[in-house]
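Below you'll find the structure, written out as structure tokens, and then a few comments.
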Amino acid sequence: MITNLKVLLTHAKEHKYAVGAFNVYNYETIKAVILAVKEKQQPAIIAFGEKYLANMELKEVVNLVRTMTTDLRTNIAIHLDHTKSIDVIREAINAGFTSVMYDGSELDYEENVKNTKFVVEMAHQAGVSVEAELGSLQLGTDTNEDDAEEIYTDPIQAKDFVERTGVDCLAVSIGTVHGLYKGEPKVSVERLIEIKEQIDIPFVLHGGSGTPLHIIERCIDNGITKINVNTEISYSVVQMISKLVQDKPNSHFSQLSVAAVDTAKNTVIKYMEMFQPNK
Ligand code: 13P
Numbered sequence: 144m145i146t147n148l149k150v151l152l153t154h155a156k157e158h159k160y161a162v163g164a165f166n167v168y169n170y171e172t173i174k175a176v177i178l179a180v181k182e183k184q185q186p187a188i189i190a191f192g193e194k195y196l197a198n199m200e201l202k203e204v205v206n207l208v209r210t211m212t213t214d215l216r217t218n219i220a221i222h223l224d225h226t227k228s229i230d231v232i233r234e235a236i237n238a239g240f241t242s243v244m245y246d247g248s249e250l251d252y253e254e255n256v257k258n259t260k261f262v263v264e265m266a267h268q269a270g271v272s273v274e275a276e277l278g279s280l281q282l283g284t285d286t287n288e289d290d291a292e293e294i295y296t297d298p299i300q301a302k303d304f305v306e307r308t309g310v311d312c313l314a315v316s317i318g319t320v321h322g323l324y325k326g327e328p329k330v331s332v333e334r335l336i337e338i339k340e341q342i343d344i345p346f347v348l349h350g351g352s353g354t355p356l357h358i359i360e361r362c363i364d365n366g367i368t369k370i371n372v373n374t375e376i377s378y379s380v381v382q383m384i385s386k387l388v389q390d391k392p393n394s395h396f397s398q399l400s401v402a403a404v405d406t407a408k409n410t411v412i413k414y415m416e417m418f419q420p421n422k
């Protein structure tokens, strides 16, 4: 069933697991996530970012997901990842996305609060959930994201932000990176605990790729209910395709597409098992 983020994350919070938000931008990645959901019978979030509008239109994402999930009994959400444009958010709600992330992290704080509150009112009228982020993540390698400066989420500001905007979940910056880690990951679970002492809301961890299991487990223990994964899905597929093409330069595109779905699915399943270890 296609539902919103609030439904998915409330259940995850109660039962102490995290739902994977897997970035998609074409047929292969969407198919991979849905096959993984069907195989594991575990909820997931199909996440499409504004950045990928050159790859697919919003309505195409929704239609493709709907077509592929008519027989699905597990809950999924169609989520708009990192989006700075309120017009794109409005379009996504109209197209049938069930949750949106408004990313006002580059704005000054008061403007971010004002815009986020506006997005929350617009989205909630349509039964759509809203995620926002405070702070920003550093860049690792092989990422397609832009944020570069690491700013940890301030717990007191997070409390003020959540109370004034009414967001359904908050992405926190605690040391994970967008992309693959350059060295040992340094994630401050202590900062997450400080934020949790201030507010009782589902938390989101961006920069899931490459984050070790022991850190993920401690994050889930302390309120993380949604973990985003993008880079490793792309990385695993690109590595596989470059090897295939090297071995067989005149490979047919249709064969690469099938292999891409399979590789992306395996990467998604690897993370699903880390995020919901008892399944
Ligand atoms: P990674 O690319 O590091 O997995 O992060 C994904 C993400 O946070 C998307 O919003």
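Residues in the sequence shown are numbered from 144 upward in steps of one, following our numbering. Every residue gets a Cβ at the ideal spot worked out from N, C-alpha and C, and that includes glycine.
Within its own chain, no residue has a Cβ closer than 8 angstroms to the Cβ of Asp230 once the five positions on either side in sequence are excluded. The beta carbons of Glu274 and Asp311 sit about 7 angstroms from each other, so the pair counts as a contact at 8 angstroms.
Cβ contact annotation for Val332 (same chain, cutoff 8 angstroms, sequence separation greater than five): Ile317, Ile358, Arg361, Cys362, Asn365, in chain order. Fewer than three pairs of CB atoms, one per stretch, sit closer than 8 angstroms, so the region 192-203 makes no contact with the region 379-396. Under the Cβ criterion (8 angstroms, minimum of three pairs), the region 259-274 counts as touching the region 229-245. Buried is the label assigned to Phe165, since at least 16 other Cβ atoms lie within 10 Å of its Cβ.
If you compare the alpha carbons of Ser394, Glu288, Ser352, Met144 with that of Asp246, the shortest gap goes to Glu288. Set against 7 angstroms, the gap from the CB of Asp246 to the closest heavy atom of the ligand 13P is not smaller. Contact check between the region 404-418 and the region 166-177: three or more CB pairs, one atom from each, fall below 8 angstroms, which counts as touching. Rounded to whole angstroms, the gap between the alpha carbons of Tyr252 and Tyr295 is 14 angstroms. By the Cβ criterion, the region 328-348 is not in contact with the region 388-400, since fewer than three pairs of Cβ atoms, one from each stretch, lie closer than 8 angstroms. Using a Cβ distance threshold of 8 angstroms, Ala314 and Glu254 do not count as a contacting pair. Taking C-beta separations shorter than 7 angstroms and ignoring five residues to either side along the sequence, the partners of Tyr160 in its chain run Ile363, Phe418, Gln419, following chain order. Burial of Phe346 is indicated by the presence of at least 16 other C-beta atoms within 10 angstroms of its C-beta. Every alpha helix (DSSP H) of 4 residues or more that sits fully in the region 317-348 is shown, in chain order, as 332-341.
Classified as exposed, Met144 has fewer than 16 neighbouring CB atoms from the shown chains inside 10 Å of its CB. In this structure Leu215 does not touch Lys260 by the C-beta definition: roughly 33 angstroms separates them, more than the 8 angstroms allowed.
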